[in-house]
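Take a look at the structure below.
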Amino acid sequence: MREEATAFVPGHVTGFFSAHPDEDPTKAGSRGAGLTLTDGVEVSVEPATESTVVLDGTEAEVEPVTTVLETLDATARVEAAADLPIGAGFGVSGAMALGTALAANRVFERKLSANELVTIAHGAEVQAGTGLGDVVAQAHGGVPIRLEPGGPQDNKLDAIPSRARVEYVSFGELSTADVLSGDTEALTAAGKEALARVVEEPTLLSFMYASRLFARDAGLLTERVTETIAEVSEAGGQASMAMLGETVFALGTGLSDAGYEPSVCATHPAGAVLK
1 MREEATAFVP GHVTGFFSAH PDEDPTKAGS RGAGLTLTDG VEVSVEPATE
51 STVVLDGTEA EVEPVTTVLE TLDATARVEA AADLPIGAGF GVSGAMALGT
101 ALAANRVFER KLSANELVTI AHGAEVQAGT GLGDVVAQAH GGVPIRLEPG
151 GPQDNKLDAI PSRARVEYVS FGELSTADVL SGDTEALTAA GKEALARVVE
201 EPTLLSFMYA SRLFARDAGL LTERVTETIA EVSEAGGQAS MAMLGETVFA
251 LGTGLSDAGY EPSVCATHPA GAVLK
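Okay, so the sequence shown: first residue is 1 according to the UniProt record's numbering, each after it adds one.
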């Protein structure tokens, strides 16, 4: 047993998705596409007499992390530091689950493979209702396209072979669980159409266009997000809404050119890593 291990997991902004439930949470998930980000979450795990989770210095209940620890039969203190807003469409809960799986596997010497750990984290996230595709995307890095749902044993991933500067502004939270537990028929239809567009033309511009259409057709746009996307377009930029949060992300200097003071990062070239 080691004293401590730390993992870095990139943030993930989903541009569009379709929901695909299954009785087995490791087979359930989403199809869609998104950007992994150099802004992410650092997760440290150390053995403890009882399991606790601390996020940005405050003890927190993070169900996917608890499930990962239970699955790995690990009692630990998990400390996470996030560069990103919480609950605003950046995949923080997925990052915490995956980072915990990677770090706990090392600390407690569980000797599981990368795919096994991603499957555990993905299943925990789906069970909690906090996400459907962040974990598999964060394990991959880059600009992943999720062609089939589920964990690594079931899904199929491709990617847009590009890198970009990314800007974002967040105006607040949206509940992923509330959206996913509601009627997802229109959302899934819009997600399938968006995916077909990007598969036909796998470029960042196609991704941004498909993402904007998806946000509108799925009925997820808020007034503030709509205004911001329009202002970026008027300034000659490309922007869309992060799924699921009241957050706008843009390529290049889109938000800066529209007069905002955004957070700035880039697409992350690789997936989650142990430090």
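Every residue gets a Cβ at the ideal spot worked out from N, C-alpha and C, and that includes glycine. As the structure is a prediction and not an experimental result, all values here were calculated from the model.
Buried versus exposed call for residue i [16 or more other C-beta atoms within 10 Å across all chains shown]
i, result
"Q153", "exposed"
"E79", "buried"
"P269", "exposed"
"R212", "buried"
"P161", "exposed"
"G57", "exposed"
"S93", "buried"
"G29", "buried"
"A194", "buried"
"K111", "exposed"
"R146", "buried"
"residue 276", "For residue 276 there is no data in the structure shown, the boundaries of the chain being 1 and 275."
"A121", "buried"
"L274", "exposed"
"T267", "buried"
"R224", "exposed"
"T119", "buried"
Residues that DSSP places opposite residue i in a beta bridge
i, result
"M241", "V248"
"K156", "E148"
"T6", "S44"
"V166", "L251, C265"
"G141", "In the DSSP output, where bridge partners are listed per residue, G141 has none listed."
"R77", "E46, T52"
"A82", "V41"
"S18", "R31"
"T36", "H12"
C-alpha gap between residue i and residue j, whole angstroms
i, j, result
"L244", "A88", "6 Å"
"A97", "G219", "29 Å"
"E46", "P10", "21 Å"
"K192", "E227", "26 Å"
"R216", "S206", "16 Å"
"A95", "Q138", "7 Å"
"G133", "M1", "31 Å"
"E200", "M241", "22 Å"
"A124", "D22", "14 Å"
"G131", "G91", "8 Å"
"R165", "E116", "32 Å"
"H140", "Q127", "21 Å"
"S32", "H12", "Residue identity check: residue 32 is Gly in the sequence provided, not Ser. Distance between the alpha carbons of G32 and H12: 12 Å."
"G40", "A82", "6 Å"
"Y209", "G254", "14 Å"
"I86", "G172", "9 Å"
"E167", "T184", "28 Å"
"F214", "T222", "13 Å"
"T26", "N155", "10 Å"
"D24", "V136", "16 Å"
"Q238", "I229", "8 Å"
"G252", "G142", "16 Å"
"V169", "T188", "26 Å"
For residue i, three-class secondary structure by DSSP
i, result
"Y209", "helix"
"residue 283", "This structure gives no information on residue 283, because the portion of the chain shown stretches from 1 to 275."
"M98", "Sequence check: residue 98 is Leu here, not Met. The answer is helix: DSSP assigns L98 an H, G or I state."
"F171", "strand"
"G133", "coil"
"G191", "helix"
"E59", "strand"
"E50", "coil"
"F214", "helix"
"L69", "helix"
"G123", "helix"
"G274", "It should be pointed out that residue 274 corresponds to Leu in this sequence rather than to Gly. Three-state DSSP puts L274 in a strand."
"L204", "helix"
"E109", "coil"
"P64", "helix"
"residue 276", "In the structure displayed, the chain extends from 1 to 275; residue 276 sits before or after that span and is not available."
"L220", "coil"
"E23", "coil"
Min CB distance residue i to chain C below 8 Å
i, result
"S170", "The displayed structure is made up of one protein chain only, and chain C is not part of it."
Contact test: residue i Cβ vs the ligand FAD heavy atom, cutoff 7 Å
i, result
"G94", "For the ligand FAD, the structure offers nothing, since it holds no ligand at all."
Say whether the segment 12 to 20 touches the segment 52 to 62, bearing in mind that this needs 3 or more beta-carbon pairs closer than 8 Å, one atom from each stretch. no
Could you say if the segment 64 to 71 and the segment 26 to 39 meet the contact criterion of at least three C-beta pairs nearer than 8 Å? no
Three or more C-beta pairs below 8 Å linking the segment 141 to 151 and the segment 38 to 57: no
Quick check: the segment 241 to 257 against the segment 18 to 27, are at least 3 beta-carbon pairs closer than 8 Å? no
If contact is defined by three or more beta carbon pairs under 8 Å, each pair taking one atom from either stretch, is the segment 4 to 11 in contact with the segment 102 to 113? yes
Below 8 Å, can you find three or more Cβ-Cβ pairs linking the segment 226 to 236 to the segment 251 to 268? yes
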